[in-house]
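Accompanying notes for the structure given below.
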């Protein structure tokens, strides 16, 4: 019997069925070793020796694998067909050799691009050895990411407090987002006018034509830059006669695009389905690993991490047959279509992402899939089918129209197109063609009326419209991935992880699917651009990627590449030791002026201190990051937050011009003001300790707050009504965790702040009843949203639940919160196992059989701390100043922290183990 190693348990079960009793398939649960997150894991002085660490969950799995291999005839490494899969096989092999579990048993490596019986059996019949150059490329990437993260991140902490980390690919991706924001800030709108004539043929059929030339001069988009010129042309056209000068119809063909790669799938899923990159990859993973189709588990799509655009010959044949039966013979081209990749050296699986069987249409398997799986499978299926279909046949028509009047001439142009044969468009329309921009001036895609040269046309009306140029759009996840791929930065298979890292670091935020840099991200990018410019240059990063590709092709030595990089990089870092904080601040003040010192409407100096008048505002660096302060400190204590249109004084919540006055409460006669504190903007009624305060809810911008909105917030909580069963009131309010309903000590979340103001009694009763059924606060464990399977080490069933503080996974007495932004419905068994295992290690819990520390032993200190020093909140979630009673502990705790910190400083990792500073690339 041979032992077969795969990555996931779901895959192991399916493959074991295909291979039969002669094989034992075991899952490694992903990577089994990693570089420990501490100094010395990669040692340049020892020819880049690397220390690998086996995590506690992996120790048990590797022991099970070693035990199975000792009693087996041979070992088959069948991990994923990409760089990471090759690395996992290498790690498993290295550990087994260290454990002396292999002896002289044969070892082979197999790869399959799809989890189907044919693909697996074909792979087993064609084994190979570990691809050493591919492993070398993995080692080089891992070492580079580690060295950049653990060398550059401490420089950031010393010179730019509040910054969390830097990374080889992460920092360049962040620069793209920040550079686009700076471009938007510098943008100056330019006025232009468009002239459109609404015309009709002699048969009464209407159409539109745009001005193309006036008085012998060609009109470009920005040619008409003021209303006077536009008015002159409009008056001339209003007095003109119109005749067709020429009609030109050109037949054209449009060919389909290739099947999806990782990058193009992420872009299309974002545009068409609204999926994030990480969500796309999670759903694709489930489709790849296998879906239960009525008793048989089958992989529906090929491997989803790939640069390749070609399909296997048998897949092309299957697609052509499906096209003929589904669309007709005319839609099948005479010859199969073959595509070539643009990547210089694609390191991923060879095939594009496609269905494993074109006879399984999306509608046939829909009943076995959840909504996300169906939508993504439908997208993949249609794109793959379209890639082998006949071209679309289109007729483009252009009509030039002559206008004469007031002794002047003008030319107008109408254009349109009609699809004569839809071809591949019958199956799939690219997301870039789904809609036309409002400013698209190329004409309508509809058919134009029939016209002939010299034919007169009638004027119906002339429109002269003012426009202003718009700044470039902010990146979405999809457009950023596309740009990174164009520049050759990173690898498509890791883009999702890179973007998630930037969000986790709070360097960027996603707002309405657009990526906006946070102030912290702008600071880090400005620092790196000024003092480590080479290492965030697009060309440098792309050139390094090319070298890594050459390593995987066996053309370069991985240690030679590391030596070249480290020699320059380490000396550059060494040079920053003499860098003074004042030099950093001067550079950041200049580069971030639009963010830090936005121009004032009255034209006064934006850097003048609003309190003392004599001082100059400048960036300052504190323990918790950067802020803006006065140069006359300590005489003037004015400070404000970074990156807000109005900001708070640390001592009293002032803005640049003091609290913003919104008006007077008509009922109390007290002033209502808009302020900003440590936890963001808030509204306040009255003055002093007894003043009523309310923080702004998520989605409300400080710039949009007026008296009416402020009074609505300050009126909370509001009584919705009396519960018909208990006779107790139901309250709606805004708390620390968002909008809520409260009744008899139990809380239920509301979706939006608008619900707080609008929810009625009937709905409130229903929401509270639903919460009670799920398990409200103080009423036991919430109901399970999903059951994933059994935990291999902790024991017990793993469930996904929605708790008071958000969704989490649970087994026995161990709970692990899901990462921020993680969709509970997309959690896989492997992800849940990892989260719960890490949580159990951290708390000492033992799952179904173990015991945690008692609640009393863990909660008493927290309660005491809250009583002594925690900032209180009012009923609306606004923070009140903390009491000073906690100061008595500060000296002792500071002394303890100092003694512990000095001992641990040299060995401590730049981040905790769940927040590693290097890239996931």
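Residue numbers (the UniProt record's numbering): 1 to 921. Glycine included, every Cβ here is placed at the ideal spot set by N, Cα and C. Owing to the predicted nature of the structure, the values given are computational and were not obtained by experimental measurement.
According to DSSP, simplified to helix, strand and coil, what is residue i?
{"i": "residue 578", "result": "helix"}
{"i": "residue 416", "result": "strand"}
{"i": "residue 759", "result": "coil"}
{"i": "residue 746", "result": "strand"}
{"i": "residue 810", "result": "strand"}
{"i": "residue 138", "result": "helix"}
{"i": "residue 616", "result": "strand"}
{"i": "residue 31", "result": "coil"}
{"i": "residue 192", "result": "strand"}
{"i": "residue 341", "result": "coil"}
{"i": "residue 16", "result": "helix"}
{"i": "residue 145", "result": "helix"}
{"i": "residue 608", "result": "strand"}
{"i": "residue 713", "result": "helix"}
{"i": "residue 178", "result": "helix"}
{"i": "residue 292", "result": "strand"}
{"i": "residue 519", "result": "helix"}
{"i": "residue 10", "result": "helix"}
{"i": "residue 227", "result": "helix"}
If I follow the unbroken beta strand (DSSP E) through residue i, where does it start and stop?
{"i": "residue 505", "result": "Per DSSP, residue 505 belongs to no beta strand (DSSP E) and is neither H nor E."}
{"i": "residue 206", "result": "206-214"}
{"i": "residue 456", "result": "456-468"}
{"i": "residue 692", "result": "692-695"}
{"i": "residue 660", "result": "660-664"}
Which residues in the same chain have their Cβ closer than 7 Å to the Cβ of residue i, if we skip the five residues on either side of it in sequence?
{"i": "residue 867", "result": "Because the pLDDT at residue 867 is just 36, under 50, the model does not fix this residue reliably, and the point stays unresolved."}
{"i": "residue 14", "result": "115, 290 and 297"}
{"i": "residue 740", "result": "733, 747, 748, 749 and 750"}
{"i": "residue 80", "result": "7 and 303"}
{"i": "residue 857", "result": "Residue placement at residue 857 is flagged as unreliable, the pLDDT there being 38, under the threshold of 50; a coordinate-derived value is accordingly withheld."}
Can you name, in chain order, every residue of its own chain whose Cβ lies under 6 Å from the Cβ of residue i, other than the five neighbours on each side?
{"i": "residue 51", "result": "41"}
{"i": "residue 936", "result": "The structure shown has nothing for residue 936, since the chain only spans 1 to 921."}
{"i": "residue 196", "result": "208, 210 and 463"}
{"i": "residue 466", "result": "193"}
Given 7 Å as the limit, tell me if residue i has its C-beta closer than that to any heavy atom belonging to the ligand NAP.
{"i": "residue 755", "result": "Ligands are entirely absent from the displayed structure, and the ligand NAP is therefore not among its contents."}
Do residue j and residue i have their beta-carbon atoms positioned less than 8 Å apart in this structure?
{"i": "residue 705", "j": "residue 730", "result": "no"}
{"i": "residue 394", "j": "residue 417", "result": "yes"}
{"i": "residue 243", "j": "residue 458", "result": "no"}
{"i": "residue 99", "j": "residue 66", "result": "yes"}
{"i": "residue 215", "j": "residue 408", "result": "yes"}
{"i": "residue 384", "j": "residue 355", "result": "yes"}
{"i": "residue 180", "j": "residue 491", "result": "no"}
{"i": "residue 373", "j": "residue 510", "result": "no"}
{"i": "residue 508", "j": "residue 521", "result": "yes"}
{"i": "residue 449", "j": "residue 205", "result": "yes"}
{"i": "residue 681", "j": "residue 696", "result": "yes"}
{"i": "residue 788", "j": "residue 840", "result": "no"}
{"i": "residue 517", "j": "residue 387", "result": "no"}
Let's test the definition: count the other Cβ atoms within 10 Å of the Cβ of residue i and tell me whether it reaches 16, buried, or not, exposed.
{"i": "residue 46", "result": "exposed"}
{"i": "residue 762", "result": "exposed"}
{"i": "residue 60", "result": "exposed"}
{"i": "residue 923", "result": "In the structure displayed, the chain extends from 1 to 921; residue 923 sits before or after that span and is not available."}
{"i": "residue 318", "result": "buried"}
{"i": "residue 798", "result": "buried"}
{"i": "residue 124", "result": "buried"}
{"i": "residue 581", "result": "exposed"}
{"i": "residue 336", "result": "exposed"}
{"i": "residue 563", "result": "exposed"}
{"i": "residue 568", "result": "exposed"}
{"i": "residue 145", "result": "buried"}
Check for me: the alpha helix (DSSP H) holding residue i runs from which residue to which?
{"i": "residue 407", "result": "Premise fails: residue 407 is in no alpha helix (DSSP H) and is neither H nor E."}
{"i": "residue 267", "result": "262-273"}
Determine, using beta carbons only, whether residue i comes closer than 8 Å to chain C.
{"i": "residue 389", "result": "In summary, chain C is missing from the structure at hand, where a single protein chain is found."}
Give me, in chain order, the residues of the same chain whose beta-carbon lies closer than 8 Å to that of residue i; leave out the 5 immediate sequence neighbours on both sides.
{"i": "residue 74", "result": "2, 3, 105, 106, 107 and 108"}
{"i": "residue 479", "result": "267 and 473"}
{"i": "residue 496", "result": "266, 276, 277, 278, 280 and 281"}
{"i": "residue 612", "result": "630, 632, 635, 636 and 638"}
{"i": "residue 377", "result": "287, 300, 301, 355, 362, 365 and 369"}
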